[in-house]
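Taking it in order: structure first as structure tokens, then the write-up.
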Amino acid sequence: MKLKKKDLLGASDPYVKLKLTGDNLPSKTTTVKHKNLNPEWNEEFSFVIKDPETQALDLHVYDWEQVGKHDKMGMNAIQLKEVTPEEPKVFTLELLKNMDPNDAQNEKSRGQIVLEVTYKPFKEEEMNKSFDRIQSLQIAPEGTPPGGGLLVIVIHEAQDLEGKYHTNPHARLTFKGEERKTKTMKKNRDPRWEEEFQFMVEEPPTNQKLHVEVFSTSSRNLLRQKESLGYIDIGLADVVTNKRINERYHLIDSKNGRIQIEIQWIAS
407 MKLKKKDLLG ASDPYVKLKL TGDNLPSKTT TVKHKNLNPE WNEEFSFVIK
457 DPETQALDLH VYDWEQVGKH DKMGMNAIQL KEVTPEEPKV FTLELLKNMD
507 PNDAQNEKSR GQIVLEVTYK PFKEEEMNKS FDRIQSLQIA PEGTPPGGGL
557 LVIVIHEAQD LEGKYHTNPH ARLTFKGEER KTKTMKKNRD PRWEEEFQFM
607 VEEPPTNQKL HVEVFSTSSR NLLRQKESLG YIDIGLADVV TNKRINERYH
657 LIDSKNGRIQ IEIQWIAS
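Under our numbering, think of the first position of the sequence shown as 407, with each following residue one higher.
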């Protein structure tokens, strides 16, 4: 809210970078809101926390530039120990020039950022289950091409799906021309699939994309048996670098629909 004008024409193109301290993974980034000093994102990001007592969530707001360096608009951080487990908490933070409490420049108003944070501790059995599954998938199976690997995709769930004529969703994955799909959920706006798919790959899919589209089908509506409820294209470079990502994506061409997808790369 109330961001400062950075561009000569009297507007800014803000986006936010989020990074967990004490974590080697790259920052997560919101979309850019063009020519907007009071942008609304409503985007959701998940981080795996190792130590809530010491870690913080760093937030940096930038003004996007088509050419050259993106301008810093302000920053702040949330200490995770300030968040009560399982209780959503809304923070309204003043944007600062830096995190030095004695810097006089921090008294100048740069605007504010509002976000809701929920910390969900893993229960012990979930930790073990998740760990067992990841352990069992650490080694690529026999027959994996040398230099290649296994791409493992888990379609967890979706929320707020909305069909024009019916909402009986299933998700379709397309990777390098190969298509797989989940089971269909009848009359369900918040389907939970928890289905896993595997693709054997000759080489790391650094330049490849995964296309996931949610469709609704109905045998009753003969004129409109199938309609798309939204899609997402996911670049796989991050997965190759980090070995695993687990994100919630906003579906393109959907009003509010979101889908949670976990992807793992297991090199041979």
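Ideal Cβ positions, reconstructed from N, Cα and C, are used throughout, including at glycine.
For clarity, every value in this text was computed on a predicted model and none was experimentally measured.
Around the C-beta of residue 670, 16 or more other C-beta atoms lie within 10 Å, and the residue is accordingly described as buried. Secondary structure of residue 579 (DSSP, three-state): strand. Between the segment 473-489 and the segment 428-436 there are fewer than three inter-stretch CB-CB distances shorter than 8 Å, so the stretches are not counted as touching. Residue pairing from DSSP leaves residue 525 without any beta-bridge partner.
Within the model, the alpha-carbon separation for residue 509 versus residue 485 is close to 20 Å. When DSSP states are grouped into helix, strand and coil, residue 425 belongs to the strand group. In the assembly as shown, residue 524 is an exposed residue. Its beta-carbon has fewer than 16 other beta-carbons within 10 Å. Under a 10 Å Cβ-count criterion, residue 571 is classified as exposed, with fewer than 16 other Cβ atoms of the shown protein chains found around its own Cβ. Look at residue 657 here: in three-state DSSP terms it is coil, with no helix or strand label. Ranked by Cα distance from residue 514, the options 673, 408, 644, 625 are led by 408. For the beta strand (DSSP E) assignment, the uninterrupted runs of no fewer than 3 residues enclosed by the segment 583-608 are, from N- to C-terminal side, 584-587, 598-607.
Under DSSP, residue 502 shares a beta bridge with 481.
For the segment 607-641, the continuous beta strand (DSSP E) assignments of 3+ residues that do not extend past its boundaries occur at 615-623, 632-641, in sequence order.
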